[in-house]
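Quick notes on the structure that follows.
Protein chains in written order, with my numbering: chain A, 1 to 603; chain B, 1001 to 1400.
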C-alpha cells in the first residue's frame, strides 16, 4: 500500500511528459478595476491560474493536466465546457444501487414509535408485522423491532446514497451539474433525520439534478411537490381547517424572498394556498377536500389563489431575482455582494424568466469572478474539500477507509442531512478550532489508513445496544438485559408490558445490518511518488513546489515553503529525491502537511 | 504556558500534572468582582413549547386552547399556585424543591419574529429587531474579561454560535473532545505549528484561518486530556446531545479550565414540534431536566456548586392554540430558567394572559434582556451591563 511501484510511474511519466513540461504561469494579480465588473474577461487575460480558479468553483478542482487543457481554450469555450454540460455524455454514471429495505405494509410510515404501537393495537398488525396472540409476552415487540429496523436501515441507505453521490462528484465529466445539485440541496434543505425515507431523498436528488441549471420556477414547483420536502416541512398536515405555516414561511424566507420582504399575513395566506398539497408516499397528491379554495390576499394580490398562483406572485417580485441570484453568487463567487452587482444580477435573472444557466455563465465569465477579492477567498465546504482532494490526487473512486460520510460529517456537513431548514451556513462557520485540526487529520487517515482499527459506520451499534447484546448472550432476560441507570428516562424503557423499547432498538439494528448492502471498504490507492515523478520533481524543492502547485490555490509564503522543504530534506537525509523503500511514506507525510495548512482550506 | 511549550520546541503533549499547571498559568489577573463565577447558557433550539413545559393548569383557557395536547391537571408536577412542570421533568422538580431553580414567566421582546433564524438571531445578539453583529456573550467577554487570556469562552457544538461572537476573544468551539487534536508524528506537529503561525496578509480569510489554527494547536491538548480523564458517578440521563455536552463542561470545570462562559446547544431544531408533539416533547423535556439536574449535582460534587449558574432559553414559545396535527406552531413569549446553588428558587415575573392575545400569540410580560441583565449584572457582577445590553434592564434579585 505505502510503497510506490515503479511500473505505473514510468507509464504516467511518459504519457504526461508533454503536458507537464509547460510551466504553470506565475501568480498574476488581477487589476483592481475587475472587482464588481460583470463584463466578460478577455482571451488575452486567460491563463492557467484563472482556469484553475474556474474549475475549483464551477466543479471540484482538477489535476494540472485538466487545468492545462482548460487554460488552452478561450474563456468562453472553457466556461461553455462546464456550463453546457448536457452536451457531455454522462451515461457511464451509474444509478444508486438500492438494498430494497421497504416491505409491503411499511407505507405510510408512522410519525413515531408510539403511533406505530397505537396503530398496531388497533389493527392487529403494523409495519408488515403481525401482533402476537393475546397472552403472549411482549405482543407488540415485532412491530417495535420493525419500527427501529426502518430507522436504522434508512440511515444506512442514506449513508450509501451519500457515498454514491460523492463518487458521482468525483468521477463525473459534468462537474458543474453536481456542484449545482449540491447548491440546490443546501438551498432546498431536506434531511433524512426528519424524512426517514431514503427513497424520498434519492428522488429529490434526481429532481434537483434534472433542473439544476434550468428554470427557477420548475425548481420551485418541483420542490414544493416533492414528497421529501412535503414531509420535511410537514405540509401533509397543512389542511383547510388548520393551516400549518411552516411550508409557506420557509418558501418565502429561505427559498425565494428572504426575511423582511413580506408580512406575517402573507405567510398565513401562502399557507392557506398550499393546503391540500400532500404526498401519497413517493407521489405528490393534491387533496382537494383539504384545500382552502377561499379568497386570499398575498403580496397585494387578491383572489382564490392556489399554490401555483403564490409561486407566480413570488416570481413577479424583483426581490426574488436578487435573493436567489445573490445566493448563487455567494456560492460561486464570494461572500460579499455589492448592491450594484446584486441589482444587476437580480434584474437579468428575472428578465430571463429565471433561467439559471445564463446567470451562471455570466458570473463565471465576469472579470469580477477573477478579481482579487474572489480568488482563493472561499472556505471549502467539507464535501468540496474531500472530493476535490481526491480529484487532485487523480483518484477514480472515493476511498471508503476512512469513511467519506464520517469525514465530512465530523467537519459539519453530511449529505442528505443538513443541520436545519436553512441548509449549511457555509463560509467561516465551517471553521472552528476543532474542525480546523480535523480538516488536516482526516487526510492523514487517507494517507495512512487504519485498516485494522476501522469501524464501519454502517455497522456500528451504540454502547447501549452493545451492552444489551452482551447481556442477552449471557442468558439474561429482556428486562434484565435492558436495565440502565437511575435517571427518569432510563426507567421508561420496559414500562409498557407489551414491548420493550430498548430491546426493539437492538433487534431493529441487527435486522437492518442483515438487510442492507455492505459498503465495500477500500483504502485510497494513492501514489504520490508517481505524481512527483511525472512532474520531474527530482529534488526536495521541486517536490514541494509541485505539491503546492497541484493542491494550493494561494502561493505559500517563503518562510512556510522553507518549513516544508526542510521537513522533507530531514526525512530523506538529502536534497535529492531517489527511489527508496520509504520514499512514498515520506512524501505522504509531506502531503499531509500541505493539506493541513491554513492555505489549503481556501478555494 | 501553552506559548512557552511551543517556543521551547518541546513536544506538545500534556500529562495530567502539566495540564493542571497550564490551567493555573492561564488564570491571570481578573478585572471582575467574582472571578470564580461561571455562567453556562443552554439553548433549546427550535422554539420550546413553554405552555407545556411550565403548565398553567389552574387556567381553564389552557385546556380550551389545548384540547388534545393539554397536560391533564392530575399529571402536572405542581410546584406553584396554578403552575407546574410537565410530568416528565422530574429533574426540575428536584431542583425546584432544593430551591435552586427559578422560572421567569413570559419572556420575549416587542414585535416578535416567528422565524427561527431571525428570532434566534435576536436572542443571540440580545438586540431584537436590530442589526448587531456580535453576540451578547461575546460582548460580555469584550467588556469584562481580560482579552489577553485565552479560552474564556467555550462553545460546545459543531459550529460557533452567534451568541459567543466576540470582537476581542476567540471562543473555543468543539464537539467531541476526543477528536480535538492534531494528528501526526512530533516532527509533523512541529512543522504544522510553524505553518499555523498567525499572520497578516491581504487575504483576511487566510489570516482568520491561521489565527484559528494557532489557538486550536495550543488549546486542544488541554481540553482533550481533561475530558478523557473525567469520571463521574452522576447519571445525566439519556439525552445524548445535551447530557454529553454538560458532562464535558463539568470535566473542564473539574480540570480548572479558566473558562467563564460556556455555551451549550441542544443540537438540531429539536424543539420545533409542529406535528405529533406529545411523545417527542415529553422526551426532550425529560432529557433536558435529567441533564441539568445531573450537571448541577456534578458541579456540587466537584465543590464548585457555589461558582456555577445556568440559564436556559429558546428562541420563542409556541402558539397558544394547538394545530390540527397534534402539534403547535411558532409562537412568542416563553419561560426562561435560571438554575444554580446560589439561585433563590421560585417564580419570577408575571405569567402572560391566555386570552389577551396578539393574533393568537402570547403577549410577553418580561423582556428577555432583564434575564440577561440578571445573569451579567447579578451573577457575573458586571457593572458594564447597560453597555453590553445596550440599555437599562431591571434585574430580578434572583441571586441571594
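Yeah, the Cβ is synthetic: ideal placement off N, Cα and C, and Gly gets one too.
Only a predicted model underlies this, so the values are computations on that prediction, with no experimental measurement involved.
Using the Cβ count rule (16 or more neighbours within 10 Å means buried), how would you classify residue 590 (chain A)? buried
At a CB-CB cut-off below 7 Å, which residues of chain A make contact with residue 1183 (chain B)? 441 and 444
Cβ separation of residue 1373 (chain B) and residue 1389 (chain B), assumed to be a contact under 8 Å, to the nearest whole Å: 6 Å
So residue 418 (chain A) contacts chain B; which residues on that side make the cut at Cβ distance below 7 Å? Those within 7 Å of residue 418 (chain A) in chain B number zero; the least Cβ separation is about 10 Å.
Going along the chain, which residues of its own chain have a beta-carbon closer than 6 Å to the beta-carbon of residue 231 (chain A), five neighbours each way excluded? 195
Applying a beta-carbon distance threshold of less than 7 Å, which residues of chain A neighbour residue 1324 (chain B)? 237, 239, 241 and 242
If the cut-off is 7 Å on Cβ atoms, which residues from the segment 1159-1175 of chain B count as contacting chain A, listed in chain order? 1159, 1160, 1172, 1173, 1174 and 1175
Cα-Cα separation, residue 44 (chain A) to residue 204 (chain A): 42 Å
How far does the beta strand (DSSP E) with residue 280 (chain A) in it extend, from its first residue to its last? 277-280
With a CB to CB cut of under 7 Å and the five nearest residues on each side skipped, what residues in its chain are close to residue 344 (chain A)? Taken in chain order, the residues that qualify are 38.
Using a Cβ-Cβ cutoff of 8 Å, what residues of the segment 409-435 of chain A are near chain B? List them in chain order. 410, 412, 419, 420, 421, 422, 425, 428, 429, 430, 431, 432, 433, 434 and 435
By the criterion of Cβ-Cβ separation under 7 Å, what are the contact partners of residue 1215 (chain B) in chain A? 433
Quick check on residue 1373 (chain B) - is its C-beta less than 8 Å from some C-beta in chain A? no
For residue 1034 (chain B), which three-state DSSP category applies? coil
Chain A residues whose Cβ lies nearer than 9 Å to that of residue 1401 (chain B): Nothing can be reported for residue 1401 (chain B): it is not among the residues displayed for chain B, which extend from 1001 to 1400.
When burial is assigned at 16 or more other CB atoms within 10 Å of the CB, is residue 142 (chain A) buried or exposed? buried
8 Å Cβ cutoff met for residue 285 (chain A) and residue 278 (chain A): yes
Over what stretch of residues does the beta strand (DSSP E) that includes residue 1310 (chain B) continue unbroken? 1308-1314
In this structure, does DSSP put residue 1086 (chain B) in helix, strand or coil? Residue 1086 (chain B) falls in the coil class under three-state DSSP.
Positions along the segment 1201-1212 of chain B whose CB lies within less than 7 Å of some CB in chain A: If the cut-off is 7 Å between Cβ atoms, the segment 1201-1212 of chain B has 1203, 1205, 1206, 1208, 1209, 1210 and 1212 near chain A.
Where residue 1075 (chain B) falls: helix, strand or coil (DSSP): coil
For residue 260 (chain A), is the classification buried or exposed, using 16 other Cβ atoms within 10 angstroms of its Cβ as the cut-off for buried? exposed
Beta carbon proximity, residue 1117 (chain B) to chain A, threshold 8 Å: yes
Going by Cα to Cα distance, which pick from B:1352, B:1299 and B:1360 is closest to residue 1234 (chain B)? B:1299
Against chain A, with Cβ distances strictly below 8 Å, would residue 1268 (chain B) count as a contact? yes
Can you list the residues of chain B that residue 246 (chain A) reaches, using a CB-CB cut of under 7 Å? 1274
Below-8 Å beta-carbon distance, residue 1227 (chain B) vs any chain A residue: no
Evaluate the contact criterion for the segment 398-409 of chain A versus the segment 359-369 of chain A: three or more CB pairs, one atom per stretch, below 8 Å. Judged by Cβ distances under 8 Å, the segment 398-409 of chain A makes no contact with the segment 359-369 of chain A, as fewer than three pairs qualify.
Using a threshold of 8 Å, state whether the C-beta atoms of residue 561 (chain A) and residue 544 (chain A) are closer than that. yes
Please tell me whether residue 1262 (chain B) and residue 1154 (chain B) are closer than 8 Å, where the distance is taken between their beta carbons. yes
Look up residue 1052 (chain B) in the DSSP assignment and give the residues it is bridged to. Paired residues: none, contrary to the question.
Could you pull the start and end residues of the beta strand (DSSP E) that residue 1174 (chain B) belongs to? Boundaries of the beta strand (DSSP E) around residue 1174 (chain B): 1172-1174.
Residues of chain A with CB under 7 Å from residue 1188 (chain B), in chain order? 589, 592 and 593
With DSSP as the reference, please indicate the residues paired to residue 1392 (chain B) in a beta bridge. According to DSSP, residue 1392 (chain B) bridges with nothing at all.
Every unbroken beta strand (DSSP E) inside the segment 1241-1321 of chain B [3 residues or more]: 1261-1266 and 1308-1314
Pair within 8 Å by beta-carbon distance, residue 1387 (chain B) and residue 1143 (chain B): yes
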